[in-house]
Amino acid sequence: MIFPSIQPPYWAPEGHSQTLIGHLTGPKVIFYDESKKLIPCEGDDDQLLIKYHERDTGKWILLAHGLAGSSESGYIKRLTKLALERNFSVLRFNHRNCGDSVGYAKKTYHAGRGEDIYAAANWIRSHYPQSEIIVVGFSLSGNTVLDMLVRYENRIDIKKTIAVNAPIDLTAAAIQIGRPENSIYNQYFVQVLRLFNFNVARKISEGLGQSIRETKVPVFASLTDYDQLFVAPLCGYKDAWEYYEQCSTVKRLSQIKSSVTLLTSKDDPIVPARVYEGKKFGANVHFRMEKTGGHLGYLSKSKTPLNDSRWMDWYLIEHIQEAFRK
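Note that the sequence shown covers residues -12 to 313 in our numbering.
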């Protein structure tokens, strides 16, 4: 379908208000029929806890959360509800030690762990061999699902992959979030990651837990400081900048042959639009950049056919339905 662009409301006219209001508001969604399963990670002994809902087992949607999120994140649960109403089966993914996965992995997650997305998609494929699978990654997981395609596309059939506000150039995103005008996001992520560390250290006595207890995070640390102190050394990178360089997918997108949709906004305060602008994508990539929408906000002036102002949710569920019809 020809999809209309966002007309922002007066109460969220630009990127910051779109991001903050989009994050801080929304309905509370409760599920009474979710199943839980521990699945093995690819290549090591770690495990992930997934939550899933069976409807039409021939059509599955895998939803992957952003940095410091989980299967309980608002955007994950909203899209799950919309999918279930349309009789699609849904797998809500948790990265290593995120949400209810805490304590089941000896390693931490990061933007380049495409192997974990593959493990979850492969679980669907193994249990429902004839199913069609659509993978949706939000924010950090937008890069991760693309990393999965680059590395595992020849091992599993994915009908479509959708990446929303993906930091495909992690270096550029780190510099962007470090700007003074974006300090609110920098401090928010660091504080939530402090809580992540606390929860992990409480569950795991040695290894990752011990590393967390022995590493002090400065009071006014930035997200890059956190990556430098924790993510890089724990995941085998020389420093944060090597981690960003090696895990960014911006230079590897041309390797992907399957169907991909990239959705972002020009006024995203976290992922700069310039990492997308001027890029020549292949015929398999549908690229859409909205003038406004912020980071996972996408709030519209008028109500969508879903009877709310969340343009992103409407766009995604329509896009998913159209993909399944093809």
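Yeah, the Cβ is synthetic: ideal placement off N, Cα and C, and Gly gets one too.
Sub-8 angstroms separation of residue i and residue j beta-carbons
i           : j           : result
residue 63  : residue 79  : yes
residue 126 : residue 53  : yes
residue 262 : residue 155 : yes
residue 286 : residue -5  : yes
residue 115 : residue 44  : yes
residue 208 : residue 177 : yes
residue 71  : residue 300 : no
Proximity winner among the options, relative to residue i (alpha-carbon distances)
i           : options            : result
residue 5   : 280, 310, 258, 226 : 280
residue 165 : 249, 259, 290      : 259
residue 3   : 12, 122, 296, 254  : 254
residue 175 : 113, 145, 257, 23  : 257
residue 190 : 241, 145, 129, 93  : 93
residue 7   : 304, 283, 302      : 283
residue 113 : -1, 27, 12         : 27
residue 214 : 75, 226, 198, 87   : 226
residue 147 : 46, 288, 9         : 46
residue 39  : 24, 29, 55         : 24
Limits of the beta strand (DSSP E) - the one that residue i falls within
i           : result
residue 39  : 34 to 40
residue 149 : 147 to 151
residue 390 : Because the chain here runs from -12 to 313, residue 390 falls outside it and cannot be looked at.
Span of the alpha helix (DSSP H) around residue i
i           : result
residue 187 : 170 to 190
residue 247 : No alpha helix (DSSP H) contains residue 247, which is instead part of the beta strand (DSSP E) from 247 to 252.
residue 102 : 101 to 114
residue 198 : 195 to 201
residue 17  : Careful: residue 17 lies outside any alpha helix (DSSP H) and carries neither H nor E.
residue 4   : 2 to 11
residue 239 : It is not in any alpha helix (DSSP H) - residue 239 carries neither H nor E in the DSSP assignment.
residue 311 : 298 to 312
residue 317 : Beyond the ends of the chain as shown, which are -12 and 313, falls residue 317; an answer cannot be given.
residue 157 : 157 to 164
residue 212 : 210 to 213
Residues bridged to residue i [DSSP beta-bridge criterion]
i           : result
residue 276 : 251
residue 125 : 151
residue 76  : 47
residue 286 : 297
Hey, is the region 236 to 247 in contact with the region 269 to 286, meaning 3+ C-beta pairs nearer than 8 angstroms?
The region 236 to 247, when compared against the region 269 to 286, does touch it at the 8 angstroms Cβ threshold.
Mind the definition here: the region 215 to 234 touches the region 88 to 104 only if three or more C-beta pairs lie below 8 angstroms; say whether that holds.
With the cut-off at 8 angstroms, the region 215 to 234 and the region 88 to 104 touch.
Inter-stretch contact (C-beta, 8 angstroms, three-pair minimum) for the region 185 to 196 and the region 156 to 171
At 8 angstroms Cβ cutoff, the stretches do not touch.
Using 8 angstroms as the Cβ pair cut-off and three pairs as the minimum, do the region 8 to 26 and the region 140 to 154 touch?
No, they do not touch.
Looking at C-beta atoms only, is the number of pairs between the region 129 to 138 and the region 222 to 231 that lie closer than 8 angstroms three or more?
Remark: fewer than three beta-carbon pairs, one from each stretch, lie closer than 8 angstroms, so the region 129 to 138 and the region 222 to 231 are not flagged as touching.
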